[in-house]
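Here the structure comes first, spelled out in structure tokens, and everything after it is commentary.
Number of protein chains: 4
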Amino acid sequence: MPRTSVQTGRRQSLIDAAILTIGEQGSLDVSVREIATRAGMSTALAFHYFGGKDGIIIETMRHLLREFAQEVRAGLDCATTPRERLAAIVRASFAASQFERTTIAAWLVFYLHAYSSPPAARLLQVYTRRLRSNLVDALLPLMDRADALLTAEGLAAMIDGSYVRHALRPQGPDAGEAIASCMDYLENRLARGGAQ
Amino acid sequence: MPRTSVQTGRRQSLIDAAILTIGEQGSLDVSVREIATRAGMSTALAFHYFGGKDGIIIETMRHLLREFAQEVRAGLDCATTPRERLAAIVRASFAASQFERTTIAAWLVFYLHAYSSPPAARLLQVYTRRLRSNLVDALLPLMDRADALLTAEGLAAMIDGSYVRHALRPQGPDAGEAIASCMDYLENRLARGGAQ
Amino acid sequence: MPRTSVQTGRRQSLIDAAILTIGEQGSLDVSVREIATRAGMSTALAFHYFGGKDGIIIETMRHLLREFAQEVRAGLDCATTPRERLAAIVRASFAASQFERTTIAAWLVFYLHAYSSPPAARLLQVYTRRLRSNLVDALLPLMDRADALLTAEGLAAMIDGSYVRHALRPQGPDAGEAIASCMDYLENRLARGGAQ
Amino acid sequence: MPRTSVQTGRRQSLIDAAILTIGEQGSLDVSVREIATRAGMSTALAFHYFGGKDGIIIETMRHLLREFAQEVRAGLDCATTPRERLAAIVRASFAASQFERTTIAAWLVFYLHAYSSPPAARLLQVYTRRLRSNLVDALLPLMDRADALLTAEGLAAMIDGSYVRHALRPQGPDAGEAIASCMDYLENRLARGGAQ
DNA sequence: AATGAATGAGCCTTCATTCAT
DNA sequence: AATGAATGAAGGCTCATTCAT
Chain A
3 MPRTSVQTGR RQSLIDAAIL TIGEQGSLDV SVREIATRAG MSTALAFHYF
53 GGKDGIIIET MRHLLREFAQ EVRAGLDCAT TPRERLAAIV RASFAASQFE
103 RTTIAAWLVF YLHAYSSPPA ARLLQVYTRR LRSNLVDALL PLMDRADALL
153 TAEGLAAMID GSYVRHALRP QGPDAGEAIA SCMDYLENRL ARGGAQ
Chain P
3 MPRTSVQTGR RQSLIDAAIL TIGEQGSLDV SVREIATRAG MSTALAFHYF
53 GGKDGIIIET MRHLLREFAQ EVRAGLDCAT TPRERLAAIV RASFAASQFE
103 RTTIAAWLVF YLHAYSSPPA ARLLQVYTRR LRSNLVDALL PLMDRADALL
153 TAEGLAAMID GSYVRHALRP QGPDAGEAIA SCMDYLENRL ARGGAQ
Chain V
3 MPRTSVQTGR RQSLIDAAIL TIGEQGSLDV SVREIATRAG MSTALAFHYF
53 GGKDGIIIET MRHLLREFAQ EVRAGLDCAT TPRERLAAIV RASFAASQFE
103 RTTIAAWLVF YLHAYSSPPA ARLLQVYTRR LRSNLVDALL PLMDRADALL
153 TAEGLAAMID GSYVRHALRP QGPDAGEAIA SCMDYLENRL ARGGAQ
Chain L
3 MPRTSVQTGR RQSLIDAAIL TIGEQGSLDV SVREIATRAG MSTALAFHYF
53 GGKDGIIIET MRHLLREFAQ EVRAGLDCAT TPRERLAAIV RASFAASQFE
103 RTTIAAWLVF YLHAYSSPPA ARLLQVYTRR LRSNLVDALL PLMDRADALL
153 TAEGLAAMID GSYVRHALRP QGPDAGEAIA SCMDYLENRL ARGGAQ
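Chains as they are written, first to last, in my numbering: chain A, 3 to 198; chain P, 3 to 198; chain V, 3 to 198; chain L, 3 to 198.
Right, here's the structure in full:
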């Protein structure tokens with residue numbers, strides 16, 4: 003049977019609450035009770051919807067990844083030149099929906115979680131690979147394959163590093179600076195032809 | 003009274019076990035019991051030495067940071083030119099003692115922990131600032147102040163990003179590649195004068 | 003929402019078990035586990051209902067005080083003359099529901115607990131004051147205010163003292179003797195007009 | 003071998019610390035560590051001297067009882083008439099060395115402890131009986147045996163009750179009032195011949 | 001659909017106690 | 001005599017999870 007709209011709404015509330023709670027705490031060591039309370043429902047209902055804490059975690063992760071993927075797709079749809087495509091991917095990474103203190107922390111938590119949880123690792127890998135192939139595809143018209151691979155890896159590292167560092171800044175994250183850093187890296191790679 | 007050598011040894015065992023356990027689990031949500039058992043002592047003794055779980059965590063963090071600082075200092079002592087100084091810092095970041103799967107994960111865990119724990123945040127900031135000033139000092143002979151600040155931030159992001167990404171790779175981290183990436187970033191910044 | 007009858011029953015079971023356990027042990031140093039087991043429920047459920055050990059203690063104390071207050075009220079309702087009112091209060095103090103070895107010990111434990119626990123002290127004071135004003139009110143028709151205050155205090159001391167002493171007697175407490183002692187004190191005060 | 007004076011001093015320090023700690027806490031649920039620390043020695047030394055927590059408790063109790071017995075004996079030595087003997091016993095009960103907030107609480111704690119600890123009960127009974135026979139002996143010249151027994155019991159209850167009640171008063175205990183209450187009780191019994 | 005009741009497991013922590021020095 | 005090291009046991013409490021309603 004199809005999910006009722008009420009169910010969809012409840013599920014979404016719970017995922018939102020999970021991101022918030024996990025992000026604030028900077029850890030998965032949060033109780034289902036707290037998440038459920040925040041989402042305005044009983045613990046038992048959260049279990050009913052997601053089957054368990056693991057379900058909540060995986061579903062929350064999936065939500066974050068899906069949102070990011072949409073952001074990327076939307077950006078790519080409006081881009082025509084390779085450079086525009088690259089800029090779109092970078093911009094998507096720091097889009098408003100993602101680049102907020104709490105959400106950043108949640109991202110990092112999931113990164114770490116994937117480190118020891120196979121299902122989480124699988125989930126993350128799917129998106130990681132897709133992003134990587136997006137980057138390489140956009141770079142191939144601009145350089146040879148070897149350079150493209152290195153540049154993609156470097157850019158991805160730059161993006162992730164900016165994520166981590168901005169999350170830590172007391173003054174809060176700044177998407178503009180992060181994007182500028184990444185694009186600067188990219189421009190330098192393009193200008194120098196990746197000569198190492 | 004001075005710490006006896008047996009106490010020092012026990013404390014170190016426990017810190018090592020903590021890094022291992024936290025790193026493997028990718029989380030601070032590990033029991034003191036597991037850490038203590040791994041270190042070959044009773045839970046109660048761990049409390050006797052560290053006062054509590056928080057004490058263990060903070061002390062473990064301090065150990066990691068101190069070890070990194072030593073690595074940096076050792077590298078800087080052998081460096082003469084600015085470029086060598088920069089390379090030394092980068093290399094220290096991926097030194098063998100740090101850049102191992104488990105240790106990397108522990109680093110990230112502490113990063114996240116600082117996110118919600120003031121004492122951890124203070125501790126981390128001390129080292130973060132020192133590293134930053136090391137980078138800027140080494141860059142100032144090579145470019146103007148504004149560029150130096152941007153480059154330092156970018157290089158730090160590149161280092162952290164490489165950390166995160168290498169931790170996730172199924173094939174395990176590769177210090178050589180990470181160092182190459184960071185040095186490439188640096189060279190490009192130097193060559194182009196940071197023109198954005 | 004109103005407390006379900008099952009909840010009320012469970013709560014009462016736990017309070018009864020608490021009185022028993024605390025009374026037998028003569029101390030608050032009893033484990034929640036023991037109380038809960040005796041009440042036929044899990045430790046976790048005890049926490050669910052009472053929020054913690056403190057909650058159990060305070061609620062148990064409240065129960066004891068409430069029961070005593072009811073006993074007093076019931077006695078006063080049947081009394082018409084001042085002397086009858088005084089006798090009623092004395093009798094209530096040694097009523098069957100209160101004057102049993104275990105319960106007496108529990109009373110003393112709570113007395114002592116109030117000594118170092120502000121919430122317990124507050125709770126106890128409310129009842130102490132009410133009892134005192136009951137005594138003084140009943141005495142005022144029989145003597146002047148100054149004497150009434152002294153007599154009330156003396157009678158209260160006599161009641162408490164009988165409590166303590168009877169609790170200690172190997173042969174167990176004897177309500178009749180205790181009541182006789184207290185009434186004798188009272189009669190002497192009335193006969194001599196409290197001349198000191 | 004005889005106890006060295008150093009040992010005697012240490013033991014006394016520990017007993018004093020025990021009275022203080024137990025009295026403040028209003029409970030035997032205090033750690034040996036706290037007592038020992040307060041007495042300025044290590045936990046292990048406390049064990050060395052007293053054999054265990056039980057030893058500390060019993061010895062502390064014994065100290066309190068002995069001190070009280072001395073106070074009584076000293077008072078009786080100066081008394082010549084039966085009335086003076088009775089007054090001496092009452093006064094000893096509220097002597098400065100005993101009637102202080104902390105000490106009172108400690109007394110009550112031990113009373114309760116005797117409730118469930120045979121050794122403590124035995125100890126207490128010895129003194130209880132001696133006090134009782136002191137009272138009866140002093141009363142026999144003034145009334146017949148039956149009345150003397152009742153009066154002794156009543157006076158003892160009055161003393162204990164005053165103890166309990168004064169310990170609880172926020173304004174602190176007042177020895178003068180307590181003594182007056184007890185002597186008033188006694189005078190009334192003597193005047194009326196204990197006619198019940 | 002939704003929730004309170006209920007619990008076993010586990011965690012952090014403290015404690016009384018012993019032992020080697 | 002005196003102490004730090006060391007531990008098994010126990011306690012209060014929380015949590016993920018199930019179940020009956």
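Using N, Cα and C, we set each Cβ at its ideal position, and we do this for glycine too. These figures come from a predicted structure and were not determined experimentally.
Residue i vs residue j beta-carbon contact at 9 Å
i, j, result
"V:Phe101", "V:Pro175", "yes"
"A:Ser29", "P:Ser118", "yes"
"P:Glu179", "A:Glu155", "yes"
"V:Leu114", "L:Leu114", "yes"
"V:Thr104", "V:Ile17", "no"
"A:Met63", "A:Arg12", "no"
"L:His168", "L:Ile106", "yes"
"A:Thr45", "A:Val34", "yes"
"V:Ala122", "V:Ile59", "yes"
"L:Val166", "V:Val74", "no"
Closer than 8 Å: residue i CB and nearest the ligand PLP heavy atom
i, result
"P:Ala71", "You won't find the ligand PLP in this model; it holds no ligand whatsoever."
DSSP state of residue i mapped onto helix, strand, coil
i, result
"V:Asp146", "coil"
"A:Arg171", "coil"
"P:Glu102", "coil"
"P:Arg194", "coil"
"A:Asp176", "coil"
"V:Asp18", "helix"
"L:Ala81", "coil"
"A:Val138", "helix"
"A:Gly163", "helix"
"A:Ser119", "coil"
"A:Val8", "helix"
"L:Val74", "helix"
"P:Leu30", "coil"
"A:Phe96", "coil"
"A:Ser183", "helix"
"P:Met63", "helix"
"A:Ala108", "helix"
"A:Gly241", "As shown, chain A starts at 3 and ends at 198. That puts residue 241 of chain A outside it, with no answer to give."
"P:Ala41", "coil"
"A:Gly25", "helix"
"V:Gly57", "helix"
Burial state of residue i, where buried means 16 or more other Cβ atoms lie within 10 Å
i, result
"V:Gln27", "buried"
"A:Ala98", "exposed"
"P:Asn190", "buried"
"V:Gly54", "exposed"
"L:Ala193", "exposed"
"V:Val8", "exposed"
"P:Arg164", "Before going further, note that residue 164 of chain P is Ser rather than Arg in the sequence given. Result: buried."
"A:Arg124", "exposed"
"P:Gly25", "buried"
"A:His76", "Sequence inspection shows Ala at residue 76 of chain A; the His mentioned does not correspond to that position. Looking at its Cβ environment, which holds fewer than 16 other Cβ atoms inside 10 Å, A:Ala76 is exposed."
"L:Ser135", "exposed"
"P:Thr23", "buried"
"A:Thr6", "exposed"
Review point. Are the region 171–190 of chain V and the region 87–95 of chain V in contact at 8 Å, needing three or more beta carbon pairs?
Key: yes
Review point. With contact counted as at least three CB pairs below 8 Å, one residue from each stretch, are the region 133–151 of chain A and the region 144–159 of chain P in contact?
Key: no
Check your understanding: Between the region 64–76 of chain L and the region 40–51 of chain L, are three or more C-beta pairs nearer than 8 Å?
Key -> Taking 8 Å as the limit for Cβ pairs, the verdict is that the region 40–51 of chain L does not touch the region 64–76 of chain L.
Check your understanding: Can at least three beta-carbon pairs, one atom from the region 159–167 of chain V and one from the region 121–129 of chain V, be found at a separation below 8 Å?
Key -> no
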